[in-house]
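Student: Take this structure, written in structure tokens, and hold onto it; I'll ask about it next.
In our numbering, the protein residues as written are 4 to 498.
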């Protein structure tokens, strides 16, 4: 392994660890929200945060990706890199400031649109300020990625989440400020990191601005905006339409269920996506890469199905432990959303042909089709089925996304997936879930016993169905025996 690959591997590990740490800190907020915010309050908070996410995309115009490309591939000297950094920072600062000032004038109208009252206009102003500071931190964070300063990147992000956690405890628990306290906490955390990033970024702020460089960066970054907005539509339309067709209480329950379902993204989807580029580009150079891609997909399904099963079974106990009774109904959407996130994570493997060929426009088309379907399904399902309809719409949208990606990818790089083994995984998973929902005990202790039993049944079903090949079993037992021997020798050496 050469030095470049070693550095890439180390940085991937650091980013993965940082992502897990940050999501873990964010997960600590759930019990706090559940005890100090009602489902209606939590639903309103979701509207504010979604608004901030959409505005961030519009304020930055994809220039962050353009900056990394210019910094790493086009800039030849340090002076050119400094000019690119200064140009980006000035452009984003001016654009986001103008954007925020214009939105402040519309804050009362936005308050009327979302909440039928002008009383929340100041809360929108807090979100606008948060977006401004987030946008200002984009280029410094992209610089850390470009210069492979992964430790600084992770530390600053972790500090931001820790600050948000501490400020939330102060404003919400101590000061009893409710939703506005959460908004102040987010804004405070983002503001502090903005100041720190500015200090680090100052050496790059040369007195220069290049329209030529800006055009190149925007030419690369702007085409990414439709795809980003389409993906945002898939993940946000359900919340907005839930608030419109139902109420903020229903939205709050749905948002809480989504938070728990996102655990799968933390432990499976994100680590897989972060490691996938390094794996699939190097693997694609080999002659017989397609069968290996098929095996990797089978492994993803096997591990993912086991994690889905465990999460679906355990989340009910978790919700009853860390939240309050008024949030218990949020579990109804967790199984559906867990599978939606699981299916969303398949795009890296199913789209291997798109990645190898470099035809990234196919991703944009696939996401666009799924986004249009998502809007239609949400409008159709939510008035009839509430948050369950929203969850089903999200699931079907991601199924559509993967089907379109697979069709495009297969036409560019055919991969024959292991259909028989995949069906065996699906069958074992269905059997385990049917047994759970057929019993569904009320006792937490009995639930825990049932969880362990059904996970064992899942593995046993795979053995009975002949899923595991003889050489795979032999390899596993050999590896297990070697580890046991090492531990035994280690214990003997201590004694």
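The C-beta atom is built at its ideal place from N, Cα and C for all residues, glycine as well.
1. What first and last residue would you give for the alpha helix (DSSP H) that runs through residue 83?
2. Would you call the segment 37-55 and the segment 239-252 in contact, with 3 or more CB pairs under 8 Å?
3. Who are the Cβ neighbours of residue 113 in its own chain at under 6 Å, not counting the five residues just before and after it?
4. What residues in its chain sit with their C-beta under 8 Å from that of residue 72, if we drop five residues either side in the sequence?
5. In whole angstroms, what is the alpha-carbon distance linking residue 21 and residue 274?
6. Please state the DSSP three-state secondary structure of residue 365.
7. What's the gap between the Cα of residue 321 and the Cα of residue 417?
8. Exposed or buried, what is residue 414 when buried is set at 16 or more other beta-carbons lying within 10 Å of its beta-carbon?
9. Can you name the start and end residues of the alpha helix (DSSP H) that residue 440 belongs to?
10. Confirm, please, whether the CB-CB distance from residue 59 to residue 137 is below 7 Å.
11. Can you give the beta carbon distance from residue 398 to residue 343, rounded, assuming they're within the 8 Å contact cut?
12. On the CB-based measure, 16 or more other CB atoms within 10 Å of its CB, does residue 202 come out buried or exposed?
13. Residues in the same chain with beta-carbon distance under 8 Å from residue 198, minus the five sequence neighbours each way, listed in chain order, please.
14. Could you name the residues of the same chain whose beta carbon sits closer than 7 Å to that of residue 450, not counting the 5 residues immediately before and after it, in chain order?
15. If you run the structure through DSSP and keep just helix, strand and coil, what is residue 397?
16. Compute the Euclidean distance between the alpha carbons of residue 23 and residue 293, then round it to the nearest angstrom.
17. Are residue 124 and residue 111 closer than 7 Å when you measure CB to CB?
18. Pick out whichever of 291, 160, 257, 143 has its Cα sitting closest to the Cα of residue 336.
19. When we look at the beta-carbon of residue 386 and count the other beta-carbons within 10 Å, is it buried (16 or more) or exposed?
20. Got a sec? Which residues, its chain only, sit under 7 Å from residue 188 by beta carbon, not counting five neighbours each side?
21. Among 356, 407, 349, which one has its Cα closest to the Cα of residue 374?
22. Inspect the CB distances between the segment 210-217 and the segment 353-360 and report whether three or more fall short of 8 Å.
23. State buried or exposed for residue 139, treating a residue as buried only when at least 16 other CB atoms are found within 10 Å of its CB.
24. So residue 369 and residue 384 are in contact, right, with Cβ under 8 Å, and what is the actual spacing, rounded?
25. Which residue's Cα is closest to the Cα of residue 162: 129, 35, 193, 92?
Tutor: So, from the listed chains and residues:
1. In the chain shown, residue 83 corresponds to position 80, counting from 1. Taken as a continuous stretch (DSSP letters only), the alpha helix (DSSP H) holding residue 83 covers 81-108.
2. yes
3. Counting from 1 along the chain shown, the entry for residue 113 is found at position 110. For residue 113, where only same-chain residues beyond five positions count, the Cβ hits under 6 Å are 127.
4. Within the chain shown, the letter at position 69 stands for residue 72. For residue 72, where only same-chain residues beyond five positions count, the Cβ hits under 8 Å are 220, 223.
5. Position 18 of the chain shown holds residue 21. Position 271 of the chain shown holds residue 274. Cα to Cα, the separation comes out at about 11 Å.
6. Numbered from 1 along the chain shown, position 362 holds the residue referred to as residue 365. Residue 365 falls in the helix class under three-state DSSP.
7. Start at 1 with the first residue of the chain shown, and residue 321 comes out as number 318. Start at 1 with the first residue of the chain shown, and residue 417 comes out as number 414. Their backbone Cα atoms lie some 42 Å apart in a straight line.
8. Taking the chain shown and counting its residues from 1, one reaches residue 414 at position 411. It is exposed - the Cβ of residue 414 has fewer than 16 other Cβ atoms within 10 Å.
9. Here residue 440 refers to the residue found at position 437 when the chain shown is read from its first residue. Here the alpha helix (DSSP H) through residue 440 covers 422-442.
10. Counting from 1 along the chain shown, the entry for residue 137 is found at position 134. Counting from 1 along the chain shown, the entry for residue 59 is found at position 56. In this structure, residue 59 lies closer than 7 Å to residue 137 by Cβ.
11. The sequence position of residue 398 within the chain shown is 395, counting from 1. The sequence position of residue 343 within the chain shown is 340, counting from 1. Their Cβ separation, rounded to whole angstroms, is 4 Å, which keeps residue 398 and residue 343 in contact under 8 Å.
12. Reading the chain shown from its first residue, position 199 is the one you call residue 202. That one is exposed.
13. Taking the chain shown and counting its residues from 1, the one referred to as residue 198 is at position 195. For residue 198, where only same-chain residues beyond five positions count, there are no Cβ hits under 8 Å.
14. Numbered from 1 along the chain shown, position 447 holds the residue referred to as residue 450. The answer, listed in chain order, is 319, 320, 444.
15. As a position in the chain shown, residue 397 is number 394, starting the count at 1. Residue 397: helix per DSSP, three-state reduction.
16. As a position in the chain shown, residue 23 is number 20, starting the count at 1. As a position in the chain shown, residue 293 is number 290, starting the count at 1. Their backbone Cα atoms lie some 31 Å apart in a straight line.
17. For this step, residue 124 is matched to residue 121 along the chain shown. For this step, residue 111 is matched to residue 108 along the chain shown. Yes.
18. Walking along the chain shown from the start, residue 336 turns up at place 333. Taking only the C-alpha atoms, the option nearest residue 336 is 257.
19. Numbered from 1 along the chain shown, position 383 holds the residue referred to as residue 386. Exposed.
20. For this step, residue 188 is matched to residue 185 along the chain shown. Correct list, in chain order: 167, 170, 171, 174.
21. Locating residue 374 in the chain shown gives position 371, counting from the first residue. Of 356, 407, 349, the residue nearest in Cα terms is 407.
22. no
23. If you number the chain shown from 1, residue 139 lands on position 136. That one is buried.
24. By one-based count along the chain shown, residue 369 stands at place 366. By one-based count along the chain shown, residue 384 stands at place 381. Going by Cβ atoms, the distance from residue 369 to residue 384 rounds to 22 Å, so no, they are not a contact pair.
25. As a first step, residue 162 is located in the chain shown; it is residue number 159 there, counting from the start. Of 129, 35, 193, 92, the residue nearest in Cα terms is 193.
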